[in-house]
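These notes are about the structure you will find just below.
Residue numbers (full-length UniProt numbering): 1 to 371.
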């Protein structure tokens with residue numbers, strides 16, 4: 001473990017003693033020498049879940065390991081700013097597509113690390129990686145505001161949009177804009193893209209799930225617009241209440257889909273943060289406290305539980321589930337300066353920046369290759 005201080009826990013009622021250290025130790029035990037964090041030993045790593053686990057490391061003060069995770073992404077970033085869907089043993093494991101929410105999420109991770117560490121040189125080192133990733137994603141935005149969910153192996157857009165994916169991108173754009181602002185690198189086109197995406201998420205439901213069956217059965221489509229700030233205030237509370245009984249199983253947590261008897265720890269953590277974002281702390285605490293029953297002796301958390309069969313399923317302890325547990329703990333207990341990242345929208349002002357934007361790369365004295 002790192003010599004850096006583990007965050008001081010303000011409340012022991014939300015999680016057991018040693019929770020932060022034990023959870024980080026599990027993620028560290030799965031991280032490979034190249035910095036990648038697979039789902040679990042022998043499995044692949046995908047860019048989104050890899051970042052989720054890296055954020056967990058940063059919460060625990062494991063900055064060196066978290067930076068190794070981001071360095072891995074920088075080293076394998078493609079020329080157009082994207083990443084393939086999955087990697088395994090130093091090679092591409094899924095070269096069929098590149099998903100926009102996977103690509104954008106690196107901005108969330110980089111901003112999260114900076115909020116905790118205050119290390120501006122870190123932002124400078126990874127600015128080009130973030131810039132290229134976000135430009136790739138916004139290059140797939142339509143005139144209606146939504147963003148195509150992926151491109152295929154040849155780079156051709158897969159022309160449809162996912163509510164969950166676009167909501168995740170919406171939060172990533174907030175983080176990317178904040179990075180740009182912190183580095184005095186105006187990107188007004190990112191702000192325009194974020195505004196258009198928010199408008200689509202709030203007012204254009206017809207732009208999503210156009211070519212496949214609706215994803216409304218998935219709980220993430222329900223709460224992700226709240227979790228990521230696309231829907232807030234009374235509208236957020238109404239949205240949560242509308243489908244609460246479909247997805248929440250009293251005493252267990254949040255179902256992954258509304259038609260299967262399966263609660264999942266990561267979705268329950270994300271719902272916890274969405275509840276905090278919508279001002280429902282009591283509900284958030286109740287859901288989160290019940291999740292620790294699925295922690296194993298090595299610090300990992302089982303992915304889910306089939307309550308009809310009273311069985312853990314699948315028999316996997318995913319690193320991104322542990323990352324989600326740490327993110328929700330931070331949101332509940334203010335462990336780090338990044339505790340509000342998923343419970344509020346904090347968009348830095350850019351009024352002092354050049355409205356036309358500037359090329360910051362040469363000014364930032366970036367060190368090392370960025371992919």
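Cβ coordinates follow ideal geometry from the N, Cα and C atoms, glycine included.
Since this is a predicted model, take the numbers as computed values, not measurements.
If you drop the 5 nearest sequence neighbours on each side, which residues of the same chain put their C-beta closer than 7 Å to that of residue i?
i: residue 14; result: 285, 288, 289, 329, 332 and 333
i: residue 111; result: 175, 178 and 179
i: residue 336; result: 7, 59, 116 and 330
i: residue 202; result: 230 and 231
i: residue 228; result: 167, 168, 170 and 171
i: residue 16; result: 292
i: residue 98; result: 82, 83, 84, 85, 150 and 151
i: residue 341; result: 112 and 115
What residue from the options has the CA that sits closest to residue i's CA?
i: residue 319; options: 157, 301, 35 and 336; result: 301
i: residue 211; options: 79, 281 and 158; result: 158
i: residue 255; options: 305, 164 and 32; result: 305
i: residue 33; options: 67, 23 and 49; result: 67
i: residue 163; options: 65, 340 and 224; result: 224
i: residue 347; options: 280, 171, 316 and 323; result: 171
i: residue 292; options: 81, 337, 82 and 324; result: 324
i: residue 244; options: 220, 114 and 47; result: 220
i: residue 326; options: 246, 270 and 314; result: 270
i: residue 22; options: 43, 251, 98 and 56; result: 56
i: residue 143; options: 204, 340 and 215; result: 204
i: residue 161; options: 90, 251, 252 and 214; result: 214
i: residue 345; options: 125, 263 and 198; result: 198
So, are the CB atoms of residue i and residue j less than 9 Å apart?
i: residue 25; j: residue 298; result: yes
i: residue 134; j: residue 107; result: yes
i: residue 180; j: residue 190; result: yes
i: residue 173; j: residue 207; result: no
i: residue 96; j: residue 85; result: yes
i: residue 239; j: residue 226; result: yes
i: residue 317; j: residue 63; result: no
i: residue 145; j: residue 196; result: yes
i: residue 217; j: residue 261; result: no
i: residue 109; j: residue 69; result: yes
i: residue 31; j: residue 53; result: yes
i: residue 155; j: residue 80; result: yes
i: residue 183; j: residue 127; result: yes
i: residue 236; j: residue 268; result: no
i: residue 113; j: residue 120; result: no
i: residue 43; j: residue 88; result: yes
Tell me which residues share the same chain as residue i and place their Cβ nearer than 6 Å to its Cβ, disregarding the 5 neighbours each side in the sequence.
i: residue 36; result: 45 and 72
i: residue 48; result: 102 and 105
i: residue 18; result: none
i: residue 338; result: 112, 115 and 116
i: residue 165; result: 101 and 149
For my contact list, residue i and residue j are in at a C-beta cut-off of 8 Å; report their separation, rounded to the angstrom.
i: residue 273; j: residue 321; result: Contact flag wrong, Cβ pair sits at about 14 Å.
i: residue 100; j: residue 150; result: 6 Å
i: residue 303; j: residue 257; result: With 8 Å as the limit, residue 303 and residue 257 do not qualify as a contact, their Cβ atoms being about 14 Å apart.
i: residue 137; j: residue 169; result: 6 Å
i: residue 28; j: residue 65; result: 6 Å
With a threshold of 9 Å between beta-carbons, can residue i be considered close to chain B, or not?
i: residue 213; result: The displayed structure is made up of one protein chain only, and chain B is not part of it.
Starting from the C-beta of residue i, find all residues in its chain whose C-beta is less than 8 Å away, skip the five residues before and the five after it, and write them out in chain order.
i: residue 275; result: 240, 281, 283, 284 and 287
i: residue 311; result: 305
i: residue 259; result: 217
i: residue 140; result: 100, 147, 148, 151 and 157
i: residue 314; result: 303 and 304
query: Taking only runs of the beta strand (DSSP E) that begin and end inside the segment 137-188, which ones reach a length of at least 3 residues, in chain order?
result: 150-152
field: Those runs of the alpha helix (DSSP H) which lie wholly inside the segment 281-354 and span at least 4 residues
entry: 281-289 and 319-333
task: Starting from the N-terminal side, write out each stretch of the beta strand (DSSP E) that is 3 residues or longer and does not extend beyond the segment 217-276.
output: 262-264
- prompt: For the segment 54-107, which segments carrying the alpha helix (DSSP H) assignment without a break, of at least 4 residues, lie completely within its bounds, in sequence order?
  reply: 63-76
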